[in-house]
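Q: There's a structure below that I have some questions on.
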Amino acid sequence: MYNAFFGFTESPFNLSPDPAFFYRSEQHEEALANLVYGVQARKGFIVLSGEVGTGKTTLLECLRDYLESQYIEFAFIFNSRINGEQFFEMIAYDLNLPCERMRKTDVLFALNQLLVEQAQDGRTVVLIVDEAHNLEWEVLEEIRLLGNLENRSGKLLQIILAGQPELDRKLDAPNLRQLKQRVVLRCHLEPFTLRDATEYINTRLERAGMPNQTVFSEELIAEIHLRAQGTPRLINAMCDNLLLSAFAGEQRTCTTEMLDEICTDMRLEWPGSRRFRAARQSSDESFERAQF
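Take any residue in the sequence shown, note its place counting from 1, add 5, and you have its number in the working numbering.
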């Protein structure tokens, strides 16, 4: 809606995980390099974790682009609210296995055949599971067993589990200690620092067609970073709404007053906000009452 007004060739703060707008912060660059290395070196199990909105899915999209460019077979499980039967069915569909896809035994035979054929050609196969913290214990155990497929050159199936910090806590459970021991590489994404947030916003604006932007002042970017608490997804949402507000008011720059209104509409809390202070005061009062 506001693209023509600001001269953008495309929306700079789209919430979709678009690799074209991937900001290569130091930690994101390192995480992507570890994912690629884990696949190339056939390390087996790799875990990518991070809070909501820190860029895990975007990293996985970048990895998918790499795998496609290298003609590496992969399956991508994007809905982790599945049982064991559905898990194997999704693998069969994604890898286009020539088998009865509703039968686990047939899928396993066809999958093993594919892995052996790829290994003979010096190639590997990758299984990517997003939102892995939602996986049932049964499915996690099936994934562990798939990780046992190997030859002298290494693991035949590279398995990447991506999820929120709950995934790390889940893997710490005593009944998953065998799976935890098989995890060779771990990557964790933290929220942006102010420096990263500034470069992130400026980079996205530049890629959308606005180099040397003047829409967001340094002071406003610092406020956006504070209120988003460094979370890229929230930064995107705030900036998108700010540009929309500026367009509606026919203004070329965004203001703190616009941000205040947006944060109220989004019902955001951050250190120092009224909602944050009210919630903390309520929590303290509840704790005090519990002591008496």
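Yeah, the Cβ is synthetic: ideal placement off N, Cα and C, and Gly gets one too.
When the Cα of Q123 is compared with those of G235, R47, E255, which residue comes out closest?
A: Here residue 123 refers to the residue found at position 118 of the sequence shown. Measuring from the Cα of Q123, the nearest candidate turns out to be R47.
Q: Rounded to a whole number of angstroms, what is the C-alpha to C-alpha distance between R191 and I51?
A: The count along the sequence shown starts at 1 and reaches residue 191 at position 186. The count along the sequence shown starts at 1 and reaches residue 51 at position 46. Straight-line Cα distance between these residues: approximately 6 Å.
Q: Between N39 and the rest of its own chain, which residues show a CB-CB distance below 8 Å, the 5 nearest in sequence each way excluded?
A: As a first step, residue 39 is located in the sequence shown; it is residue number 34 there, counting from the start. The residues are I51, L190, C192.
Q: Looking only at C-alpha atoms, which of E15, T59, K109, P22 sits nearest to P196?
A: Here residue 196 corresponds to residue number 191 of the sequence shown, with the count starting at 1. Out of E15, T59, K109, P22, T59 has the C-alpha closest to the C-alpha of P196.
Q: Does the count of Cβ pairs from the region 134 to 145 and the region 102 to 109 closer than 8 Å reach three?
A: With the cut-off at 8 Å, the region 134 to 145 and the region 102 to 109 do not touch.
Q: May I ask which residues mark the beginning and end of the beta strand (DSSP E) holding Q163?
A: The residue labelled residue 163 in the question sits at position 158 within the sequence shown. 162 to 168 is the span of the beta strand (DSSP E), which, as asked, contains Q163.
Q: What does the alpha-carbon distance come out to for the pair L231 and I240?
A: Mapped onto the sequence shown, residue 231 falls at position 226. Mapped onto the sequence shown, residue 240 falls at position 235. Distance between the alpha carbons of L231 and I240: 10 Å.
Q: V220 by DSSP, collapsed to three states: which one?
A: By 1-based counting over the sequence shown, the position of residue 220 is 215. Here V220 sits in coil by DSSP.
Q: Please state the DSSP three-state secondary structure of V41.
A: Along the sequence shown, one-based indexing puts residue 41 at 36. In this structure, V41 counts as helix in the three-state DSSP scheme.
Q: Which two residues bound the contiguous beta strand (DSSP E) that contains E78?
A: Position 73 of the sequence shown, counted from the first residue, corresponds to residue 78. E78 -> beta strand (DSSP E) spans 78 to 82.
Q: Expressed to the nearest angstrom, what Euclidean distance is found between the alpha-carbon atoms of I267 and N246?
A: Counting from 1 along the sequence shown, the entry for residue 267 is found at position 262. Counting from 1 along the sequence shown, the entry for residue 246 is found at position 241. About 7 Å.
Q: For E122, which three-state DSSP category applies?
A: Here residue 122 is taken as the residue at index 117 of the sequence shown, counted from 1. If DSSP states are grouped into helix, strand and coil, E122 belongs with the helices.
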